[in-house]
Amino acid sequence: MTDQASPFRPDWVSPPGDTILDLLEEREWSQAELADRLGFSPKHVNQLIKGKAAITEDAALRLEGVLGSTAGFWLNREAKYREHLARLEAAQRYAGWVDWLDRLPVKELMKAGTIAKRRYDAKAKPALVEELLGFFGVASPEAWEARYAGMEVAFRRTREEQSDVGAITAWLRMGEARAERSDGPKFDRSRFVDALTEIRTLTVQRPEHFEPRLRALCFASGVAFVLVPAIPRAHVSGVARWLNPHRPLIQLSLYGKTNDRFWFTFFHEAAHILLHGKEKRSVYLDDLSASGIDSDEERQANAWARDFLIPPEQAKRLPSIQTRPALTAFAKELGIHPGIVVGRLQYDGLMGYRTAMNDLKISFRFME
0 MTDQASPFRP
10 DWVSPPGDTI
20 LDLLEEREWS
30 QAELADRLGF
40 SPKHVNQLIK
50 GKAAITEDAA
60 LRLEGVLGST
70 AGFWLNREAK
80 YREHLARLEA
90 AQRYAGWVDW
100 LDRLPVKELM
110 KAGTIAKRRY
120 DAKAKPALVE
130 ELLGFFGVAS
140 PEAWEARYAG
150 MEVAFRRTRE
160 EQSDVGAITA
170 WLRMGEARAE
180 RSDGPKFDRS
190 RFVDALTEIR
200 TLTVQRPEHF
210 EPRLRALCFA
220 SGVAFVLVPA
230 IPRAHVSGVA
240 RWLNPHRPLI
250 QLSLYGKTND
260 RFWFTFFHEA
270 AHILLHGKEK
280 RSVYLDDLSA
290 SGIDSDEERQ
300 ANAWARDFLI
310 PPEQAKRLPS
320 IQTRPALTAF
330 AKELGIHPGI
340 VVGRLQYDGL
350 MGYRTAMNDL
360 KISFRFME
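Okay, so the sequence shown: first residue is 0 according to numbering that gives the first Met the number 0, each after it adds one.
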């Protein structure tokens, strides 16, 4: 692993007063003479030279007339100096905030390429603080606490292990940041319902074929859809939430997902948007690979996704499906992938999890 080079930021900076002193030396002027020419007090000139007083627009114009160059030069010199001082002060703050990193999945974010790969040691930690503040879009750990850790009150969990707020919020922010790259239309419920009908037909396709269409259909309906690599400590494989009052987000990982679980998770999250859209502050954290907290909202979303993929009238025939030809014919009749039927039979206890028909499922993985 190679470290990413950081931009060069010297820990010193030359104030505009150094340039003033150079010009005074060339002219063999004293500070008192310069004060007379500028119409300032000697004390004020001395403060300008030491950087204790800022060069204002008025002072810049006076320096232009007396020492030459332009007012813009002096103002730019002043701005650069003040910016550098602010960065030095910020660096000191970052060094005091390194304990905040203990709450975040730093190494996992490096592995995902979300932040730069570098040695995770004491020397690198202040820079990591700066980078992670930028990633979350906040100015301080306190602001992160208010904006992201404060979201915990809105979490609707499906398992008790979903307690690592740092890992959860990092995964949520990864999806949020991707969704922010494109500003789509406002959510259109009827259009989304129509889109879901077409999306159901995509289940028979391979990911490289269905993913662009899935994303486009969601986008046109005002729904952001993103795939984000899993962060293990988050214990979240899917989430439904609202980024603002007009734009919901469906975010999925591919961790351990065969196509039956992928599609069930997607339609489960879609159900949260359709059924629980009035709860726009809620964040539905789902890990459908494990049993956990059983809430009304989760039961409703499960039932909606289950019945949307295999309608109840057709589901009555599931106990009679015992052979591969019968299963594939049933799936073809419904217009869904056979792997989804296998998953449903297994979930209902009608087929073992070690069945030879597991090969009908397709494993999804992120392309490197």
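Where is the CB? At the ideal position from N, CA and C, for every residue including glycine.
Handout entry: Inter-residue Cα distance where the pair is TRP143 and TRP96
Key = 12 Å
Handout entry: ASP347 versus SER252: straight-line alpha-carbon distance, rounded
Key = 24 Å
Exercise for the section: Spatial neighbours of ARG92 within its chain, please: CB distance less than 8 Å, with the 5 preceding and 5 following residues excluded, ordered by chain position. Expected result: SER139
Practice task
Identify whether ASP2 lies in helix, strand or coil by the three-state DSSP scheme.
Solution key: Note that ASP2 has pLDDT 44, beneath the 50 cutoff, so the model's placement of it is unreliable and no number is given.
Problem - Residue from LEU100, SER362, THR113, LYS110 with nearest C-alpha to ASP120 - result: LEU100
Problem - Residue from LYS106, SER281, ASN258, ALA302 with nearest C-alpha to ALA270 - result: ALA302
Handout entry: Stretch pair the segment 187-203 + the segment 216-235: three plus CB contacts closer than 8 Å
Key = yes
Practice task
Flag this pair as yes or no: are the beta carbons of ILE309 and LEU333 separated by less than 8 Å?
Solution key: yes
Handout entry: Host beta strand (DSSP E) of ASN243 (start-end)
Key = 237-243
Practice task
For LYS51, count neighbouring Cβ atoms within 10 angstroms of its own Cβ and tell me buried if that reaches 16, exposed if not.
Solution key: exposed
Practice task
Please list, in chain order, all residues of the same chain as PRO247 whose beta carbon is under 8 Å from its beta carbon, the five residues on each side excluded.
Solution key: PHE186, GLY221, VAL222, ALA223, ALA239, ARG240, TRP241, ILE272, GLY276
Exercise for the section: Give a yes or no on contact between the segment 201-215 and the segment 230-238, applying the rule of three or more CB pairs nearer than 8 Å. Expected result: no
Problem - Cβ neighbour criterion (16 or more within 10 Å) applied to ASN258 - result: buried
Problem - From GLY71, THR327, LEU344, residue whose alpha carbon lies closest to that of VAL203 - result: THR327
Problem - Delimiting residues of the alpha helix (DSSP H) encompassing ALA215 - result: 206-219
Exercise for the section: Please report the residue range of the alpha helix (DSSP H) in which ASP163 lies. Expected result: Run containing ASP163: none; DSSP gives neither H nor E here.
Handout entry: Chain-order list of residues whose beta-carbon lies under 7 Å from that of LEU103 (same chain, five-residue window excluded)
Key = LEU131, GLY165, ALA169
Problem - Beta-carbon spacing of THR69, GLU63 below 8 Å - result: yes
Practice task
Kindly indicate which three-state DSSP category GLN46 falls into: helix, strand or coil?
Solution key: helix
Exercise for the section: Using a threshold of 8 Å, state whether the C-beta atoms of ILE48 and LEU20 are closer than that. Expected result: yes
Practice task
Ignoring anything shorter than 4 residues or poking outside the segment 292-356, list the alpha helix (DSSP H) runs there in chain order.
Solution key: 295-308, 311-314, 323-333, 337-346
Problem - Extent of the continuous beta strand (DSSP E) to which VAL225 belongs - result: 223-226
Problem - DSSP three-state assignment for SER362, whether helix, strand or coil - result: strand
Practice task
Please classify ASP163: is it buried, with 16 or more other beta-carbons within 10 angstroms of its beta-carbon, or exposed?
Solution key: buried
Exercise for the section: Throw me the rounded Cβ distance for the VAL227 and GLN250 pair, which I believe falls under 8 Å. Expected result: 6 Å
Problem - Own chain partners of LEU349 with C-beta closer than 7 Å, once the 5 adjacent residues on each side are dropped - result: LEU317, PRO318
Exercise for the section: Could you check which residue in SER294, LYS279, TRP262 has the C-alpha nearest to that of ASP306? Expected result: TRP262
Exercise for the section: Quick one: residues in its chain with C-beta nearer than 6 Å to the C-beta of ALA123, no 5 flanking neighbours on either side, listed in chain order? Expected result: ARG117
Practice task
Check ARG280 in the structure and name its three-state DSSP category.
Solution key: coil
Handout entry: Residue from MET356, LEU171, PRO15, LEU344 with nearest C-alpha to GLU151
Key = LEU171
Exercise for the section: State the DSSP-derived secondary structure class of ASP182, mapped to helix, strand or coil. Expected result: coil
Practice task
Name the residue from TYR147, ASN243, PRO125 whose alpha carbon lies nearest to the alpha carbon of ALA178.
Solution key: ASN243
Handout entry: Reduced DSSP secondary structure (H/G/I, E/B, other) of ARG246
Key = strand
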